Structures are given as structure tokens and as C-alpha cells.
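With our numbering, the residue at position 43 of the sequence shown is 36, and numbering never jumps.
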Amino acid sequence: ESLMAQCKLFGKKDLPIKYTSLFINNEFVPSIEGNKFPTFCPATGEKICDVEEGRKADVQKAVLAAKQAFEFNSVWRRTDASQRGRLIQKLARLVERDSEYLSQLETLDNGKPLAESLNDISDTIKCFEYYAGWSDKIEGKTIPVDGDYFAYTHYEPIGIVGQIIPWNFPLLMAAWKLAPALTTGNVVILKLAEQTPLTGLYLASLIKEAGFPPGVVNVIPGYGPTAGAAISEHMEIDKVAFTGSTEVGHLIMQAAGRTNLKNVTLEMGGKSPNIILKDADIDSAVETSQATVFYNQGEICSSGSRTYVQEEIYEEFVRKSVELAMKVKTGDPFHPDTTMGAQVSEEQLMKILEHIESGKKEGAKLECGGSRHGDKGYFLQPTIFSNVQDDMKIAREEIFGPVQSIFKFKTMDEAIERANDTKYGLGGGVFTRDIENAMYVSSRLKTGTVWINCFDVTLANTPFGGYKMSGTGREMGEEGLRQYSEVKTTIMKIAKKIS
Ligand code: ADP
């Protein structure tokens, strides 16, 4: 079967698209101004359907719903913490129930292989389960202060939270945002990425089915400069959490600064270094270093996109990497043998091709790939450059595609210095069999996460986020709770305290 037929089959016949409008106050509603926008299947370039486009007025409507849901005597504010956990747990079960459908919908809208969509669903479930467990375990302190006082702290929800997510892991990013915000009792306005609105809207239906009260979660599909900006500029939104490009991260923080100084957390781009020392298990290092740039078509913010290899093993590493890249199966993301799907959009594909051209022009050696794959859909050949120099554009800018850049280094200290010479600081990695060297490198990498003999392992219970221009704040783990909580100190006068 051709890719076209396959996508047609899934998109237009076998896979019903049930939700294409805004989700406000537990209802699916059209946009106020009546605008719609198309979403495309990246594997064929065909339009899947039109989706209602949320703009400023719709964000305002969602804020009013959220505000009501957050009033002092609302159902949500009167809900026990344990019950919040139960609702999130229920949501996890509903995602599990519909995981087959959700994974197909994700692949249709995003272009990633079905197996990878299934991994995302499994991580989505784990994320909801993990944060469900926290709801009634978020404890404050009593503090032994001087004088006749009794002092304690406890955590309160921040309030109305705006969340803006990208298109590379549409459903999983929604879970990363929603789960910690809901377990801590906030109300949410979630803006989906315009390229991939479908799974987020379906998730909205499951939120309603799970039993969350109206207005607690509102979901807006729409564009950044309209719906996204309306969120980051809104005077009554108390916090904005964003995942996306560093460029837009600047705009979000500026918008918060211009308006109500809302709390801001940002998770943005990266150019993460991956250092392979000469004593590493070379086959494992080759495989993992490639997986971090090829998985999800390279559309991963923490992708190890700068592979630094020690000179003694450089030639062997490059040769083995190219051999491995030849085994990648690019094509129909619904086919079980496919290991690389389509880039999310033509725009992204073109951007990646521009980077590849600049790599060639600046003198990097193209070892394999480098062109579009096929003439339908937005596929790219898996691409490897060797002989990459630190000042080349492909070494400095995020490519967000399946392009591996391999650098050569002599000493460990040199590798560390070059690894840290970037405005980014999201992830970093080191491959070695020597524990001393592993710790030496990992403690010197200026990144939010360091992986030793692995890469891009992200878990519900470990914090994730960036140093420098890769981000502020941490998502996931216990740290993730703090981003959605205000700590309140209460000091009470008491008579004749004794100790
Ligand atoms: P990418 O370049 O990977 O598409 P973006 O940072 O542009 O990443 O997009 C990430 C999210 O930010 C998307 O939901 C997008 O709509 C949103 N966005 C884009 N521009 C703005 C903006 N000016 N204000 C708020 N959100 C925006």
C-alpha cells in the first residue's frame, strides 16, 4: 500500500477525528470570531481537517471560566487533595484505554512512527500517575521561630495558569504541563501548537469524562502571536509555563514583564553536547549518540546534537555511525518497520535543509544523507556530518532534525570547555567506562541534565530543565510541583510559648 493510501485510510476513513473545536468550561465550542485553521498529515502533506482557531477573545472566555472554577467556594477549591489525585489517576486510565486511537492520531498529525507515538502515550500515562500520587503528599513545615509565635508554611495553588506547548511531543507535553498543575490545585488554559492540535483536543474530552469540574482545564488550539500572546500578556493569568523556541521564550518573558509580572517557567532550545571518551563502549556509544539525534526525527529539544569524539576512536566512530544510519528505515510512519517518520511541516523541513546546505558550504564533510527523502510528505534522509568545527552554523544553532554533527577532540578538558561554549544548557552526556572521568565531566557540564552512558532518558520523577538560555525552572519530579505552587507562611501570636 502506498503511503498516500495508508494516510488516507487512517486519516479519512478508519480514524475518525472527533474533536476540532475549543474546549472551554468542559464544552467543545466554536471560536468567537469564527476562524478556523487547517492541520496537515506530515507524511503526505494532505490536509487532515480544519480546527477552530482560538484568539484573544477566546482566551478571555477561557480565563473567565477558569476564574470561576477557582473561586473560594468552587467545587474545585473544595475538592480534597486526595480526590484531585484520584481524578488525575482516572485520566491516566482513560488515556490507557484509548491508547491505540491516541497513538494513531498522534502519528497522523505529527508524522512520527507509530511505535514512538506509543512510547509517548506510555510516558503520558506515567506522568499522570506520578503526579496523581503527589496530590495529598505535598507538605509544608512548622518552623521553630523566636518569641511567642507559631509559624508554619503550606503550599497553595498559584491560580490561573497559562500553558503553551510545542508540536514535537504534542500529547506528552500536554501531560507534562497539566499533571503538576492539577495535582497542586491550579486551573489551566492550555494552548496547543498550531501544527498538532488533535491529540490535545481528544485529551480534553477525557478530562471531562474523568470528572474534572468545568473550567478547571480549558484547551485552546491556535497560533502563537494571537492566542499564545493573549495568554502571556493577560493581566489575570498568574503564571505562564512555556515549552518551545528560545526566540519565543524571550517574547513570553517580555510579555510577563510588560504586564502583570506573572510567574514564568520556560523550557527552550538546546545544542546539547555528547562527549565520547576513548575508553567508551564504542558500539553502545555509536548507537545511543545516533538515537538522540534521529529519534522523533531529531525533533527533540535535548537532542545530543554535538557529538564530541576523542581522536583515538574518531575514525571508527564515524564509520560505525554511517553504517548504522544506513539501516534507518524512513517512510510511512504507520508501517511497523519504519524507524524514521516525517518532519512536522514543510517549513521545518526547509529550515533543516538550509542548515545542511550551510554545513556543506562551511566545509563540514557530509558522510551520508543530506537531502529530502521522496517527493511526498516532509521526509528527510538521516544525515551525518564529520569534521564539524565549533564556529560553523550547524555547530552553534539548533537544527531540530535528524542531523548528527561529529567533532574531534584531544583531551577531556578541551572537550568540556568546547561543550560549555554555547548559550544553551539543557542536556549533556559522557560515554566512558571510567567512573572518575564520568564524574569529572558530569560535574563540569553546565547543563540541567547530564546523562552518563545514556542520553535523553527523561522520567516522570526526575527534574528536567535548562541552564542558561535553555530555560528557567524545572519540570517533572518534586521540583515540578514547586513551579505550580505558592508557599504561604503563616505566623500566629501565641501566649507564653514553651519549648
Ligand atoms: P517552534 O519554532 O518549534 O515551532 P515555537 O516557540 O514557535 O516553536 O512554538 C512553541 C509554542 O509557542 C507554540 O504553541 C506556538 O504557537 C507558541 N508561540 C509562538 N509564538 C508565540 C508568541 N509570540 N507568544 C506566545 N506563544 C507563541
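A virtual CB, placed ideally from N, CA and C, is assigned to each residue, including glycine. Given the structure is predicted, the values throughout are model-derived calculations rather than measurements.
Practice problem: Say yes only if the C-beta of Glu468 is nearer than 8 Å to one or more non-hydrogen atoms of the ligand MN, and no if none qualify. | Solution: Looking for the ligand MN in the displayed structure turns up nothing; the ligands present are the ligand ADP.
Exercise. Taking Lys170 and Gln156 to be in contact with their CB atoms under 8 Å, please state how far apart those CB atoms are, rounded to whole angstroms.
Key: Counting from 1 along the sequence shown, the entry for residue 170 is found at position 177. Counting from 1 along the sequence shown, the entry for residue 156 is found at position 163. Sure, about 4 Å apart at Cβ, within 8 Å.
Quiz item: Which of helix, strand or coil does DSSP assign to Leu8?
Solution: As a position in the sequence shown, residue 8 is number 15, starting the count at 1. Residue state, collapsed to three classes: coil.
Exercise. May I have a chain-ordered list of the beta strand (DSSP E) segments no shorter than 3 residues that lie completely inside the segment 317 to 376?
Key: 358 to 361
Exercise. Tell me the start and end of each unbroken beta strand (DSSP E) in the segment 389 to 467 that is at least 3 residues and wholly inside, in chain order.
Key: 396 to 402, 420 to 424, 442 to 445
Exercise. Express the C-alpha separation of Glu468 and Gly208 in angstroms, rounding to a whole number.
Key: What you label residue 208 is simply residue 215 of the sequence shown in a count that begins at 1. What you label residue 468 is simply residue 475 of the sequence shown in a count that begins at 1. Using only the alpha carbons, I get a separation of about 24 Å.
Quiz item: Cβ-heavy atom distance between Trp169 and the ligand ADP below 8 Å?
Solution: As a first step, residue 169 must be located in the sequence shown, where it is residue number 176. False, no ligand heavy atom lies under 8 Å from that Cβ.
Quiz item: Within 8 Å: the Cβ of Lys184 and any heavy atom of the ligand ADP?
Solution: Working through the sequence shown from its first residue, we reach residue 184 at position 191. For the ligand ADP, at least one heavy atom lies less than 8 Å from the Cβ of Lys184.
Practice problem: Find out if the Cβ-Cβ distance for the pair Lys401, Val286 is shorter than 9 Å. | Solution: On the sequence shown, position 408 is the one that residue 401 refers to. On the sequence shown, position 293 is the one that residue 286 refers to. Result no, Cβ atoms of Lys401 and Val286 do not sit closer than 9 Å.
Quiz item: Mind checking whether Pro493 and Glu479 have CB atoms under 9 Å apart?
Solution: Past the boundaries of the shown model lies residue 493; the chain is included only from -6 to 492, so the question cannot be answered.
Quiz item: Does the ligand ADP have a heavy atom nearer than 8 Å to the CB of Ile245?
Solution: Mapped onto the sequence shown, residue 245 falls at position 252. Yes, the Cβ of Ile245 comes within 8 Å of a heavy atom of the ligand ADP.
Exercise. Using DSSP bridges, identify the partner residues of Gln290.
Key: The residue given as residue 290 occupies position 297 in the sequence shown. According to DSSP, which records beta bridges pairwise, Gln290 is partnered with nothing at all.
Self-check item: Cβ distance (whole Å) where Val56 is taken to contact Ala220 below 8 Å
Solution: Start at 1 with the first residue of the sequence shown, and residue 56 comes out as number 63. Start at 1 with the first residue of the sequence shown, and residue 220 comes out as number 227. The Cβ separation is near 12 Å, so there is no contact.
Quiz prompt | Given 8 Å, three or more beta-carbon pairs between the segment 303 to 317 and the segment 457 to 465 | solution = no
Practice problem: Determine the direct distance from the alpha carbon of Thr425 to that of Ile269, and round the result to whole angstroms. | Solution: Position 276 of the sequence shown, counted from the first residue, corresponds to residue 269. Position 432 of the sequence shown, counted from the first residue, corresponds to residue 425. Computed Cα separation, rounded: 7 Å.
Quiz item: Would you say Gly221 touches the ligand ADP, meaning its beta carbon is less than 8 Å from a heavy atom?
Solution: The residue given as residue 221 occupies position 228 in the sequence shown. Because some heavy atom of the ligand ADP lies under 8 Å away, the Cβ of Gly221 counts as near it: yes.
Quiz item: If you draw a straight line from the alpha carbon of Leu474 to that of Val180, how long is it in whole angstroms?
Solution: Here residue 474 is taken as the residue at index 481 of the sequence shown, counted from 1. Here residue 180 is taken as the residue at index 187 of the sequence shown, counted from 1. Near 14 Å, if we compare the C-alpha coordinates of Val180 and Leu474.
Exercise. My understanding is that Glu45 touches Pro23, with C-beta atoms under 8 Å, so please give their C-beta distance in whole angstroms.
Key: Position 52 of the sequence shown holds residue 45. Position 30 of the sequence shown holds residue 23. Their Cβ separation, rounded to whole angstroms, is 5 Å, which keeps Glu45 and Pro23 in contact under 8 Å.
Quiz item: Can you tell which of Tyr142, Leu98, Pro137, Ile224 has its C-alpha closest to the C-alpha of Phe162?
Solution: The sequence position of residue 162 within the sequence shown is 169, counting from 1. Answer by Cα proximity: Leu98.
Quiz item: So, helix, strand or coil for Lys49, using DSSP?
Solution: Taking the first residue of the sequence shown as position 1, residue 49 is located at position 56. Lys49 falls in the helix class under three-state DSSP.
Quiz item: Looking at Arg411 and Pro190, is the spacing between their C-beta atoms short of 9 Å?
Solution: In the sequence shown, the residue the question calls residue 190 occupies position 197. In the sequence shown, the residue the question calls residue 411 occupies position 418. Cβ atoms of Pro190 and Arg411: not closer than 9 Å.
Self-check item: Span separating the alpha-carbon of Gly152 from that of Asn66
Solution: If you number the sequence shown from 1, residue 152 lands on position 159. If you number the sequence shown from 1, residue 66 lands on position 73. Approximately 14 Å between the Cα atoms of the pair.
Practice problem: May I have the straight-line CA-CA distance separating Thr323 from Leu254, to the nearest angstrom? | Solution: Sequence index remark: in the sequence shown, residue 323 carries index 330 (1-based). Sequence index remark: in the sequence shown, residue 254 carries index 261 (1-based). Approximately 46 Å, taken between the alpha carbons.
Exercise. Consider the C-beta atom of Ser96 and the heavy atoms of the ligand ADP; say whether any pair is separated by less than 8 Å.
Key: Counting from 1 along the sequence shown, the entry for residue 96 is found at position 103. Incorrect: Ser96 has no Cβ contact closer than 8 Å to the ligand ADP.
Quiz item: Are Ala234 and Ala168 touching if we call contact CB-CB under 9 Å?
Solution: For the purposes of this step, residue 234 is taken as residue 241 along the sequence shown, with counting starting at 1. For the purposes of this step, residue 168 is taken as residue 175 along the sequence shown, with counting starting at 1. It is not a contact, given that the beta carbons lie outside the stated cut-off.
Quiz item: If you check the beta carbons only, do Ala318 and Gln283 fall under 9 Å apart?
Solution: Residue numbering aside, residue 318 sits at position 325 when the sequence shown is read from its first letter. Residue numbering aside, residue 283 sits at position 290 when the sequence shown is read from its first letter. Against a cut-off of 9 Å, the Cβ pair of Gln283 and Ala318 comes out as a contact.
Self-check item: Straight-line Cα distance separating Gly363 from Ala335
Solution: Walking along the sequence shown from the start, residue 335 turns up at place 342. Walking along the sequence shown from the start, residue 363 turns up at place 370. Ala335 and Gly363: Cα-Cα distance of roughly 15 Å.
Practice problem: With a threshold of 16 other CB atoms inside 10 Å of the CB of Ile81, please say whether the residue is buried or exposed. | Solution: Taking the sequence shown and counting its residues from 1, the one referred to as residue 81 is at position 88. Classification for Ile81: buried.
Quiz item: Whose CA, out of Ile114, Gly178, Thr117, Ala59, lies closest to the CA of Trp493?
Solution: It is not possible to answer for residue 493, since the shown part of the chain is limited to -6 through 492.
Quiz item: Which residue from Lys264, Val257, Gly204 puts its Cα closest to that of Arg79?
Solution: If you number the sequence shown from 1, residue 79 lands on position 86. Out of Lys264, Val257, Gly204, Gly204 has the C-alpha closest to the C-alpha of Arg79.
Exercise. Consult DSSP for Phe510 and reduce its assignment to one of helix, strand or coil.
Key: Past the boundaries of the shown model lies residue 510; the chain is included only from -6 to 492, so the question cannot be answered.
Exercise. Please report how far the alpha carbon of Arg437 lies from the alpha carbon of Phe448, in whole angstroms.
Key: Numbered from 1 along the sequence shown, position 444 holds the residue referred to as residue 437. Numbered from 1 along the sequence shown, position 455 holds the residue referred to as residue 448. Near 17 Å, if we compare the C-alpha coordinates of Phe448 and Arg437.
Exercise. Output the distance between the C-alpha atoms of Arg70 and Ala58, rounded to the nearest integer angstrom.
Key: In the sequence shown, the residue the question calls residue 70 occupies position 77. In the sequence shown, the residue the question calls residue 58 occupies position 65. Their backbone Cα atoms lie some 14 Å apart in a straight line.
Quiz item: Does DSSP classify Glu109 as helix, strand or coil?
Solution: Translated into the one-based positions of the sequence shown, residue 109 becomes position 116. Three-state result, Glu109: helix.
Quiz item: If you count every other CB in all the chains shown that lies within 10 Å of the CB of Lys6, and 16 or more means buried, which is it?
Solution: Mapped onto the sequence shown, residue 6 falls at position 13. Its pLDDT being 49, under 50, Lys6 is placed unreliably by the model, and nothing is read from it.
Quiz item: Which class does Leu498 belong to by DSSP, given the choice of helix, strand or coil?
Solution: Shown here, the chain extends from -6 to 492; a query on residue 498 therefore has no answer.
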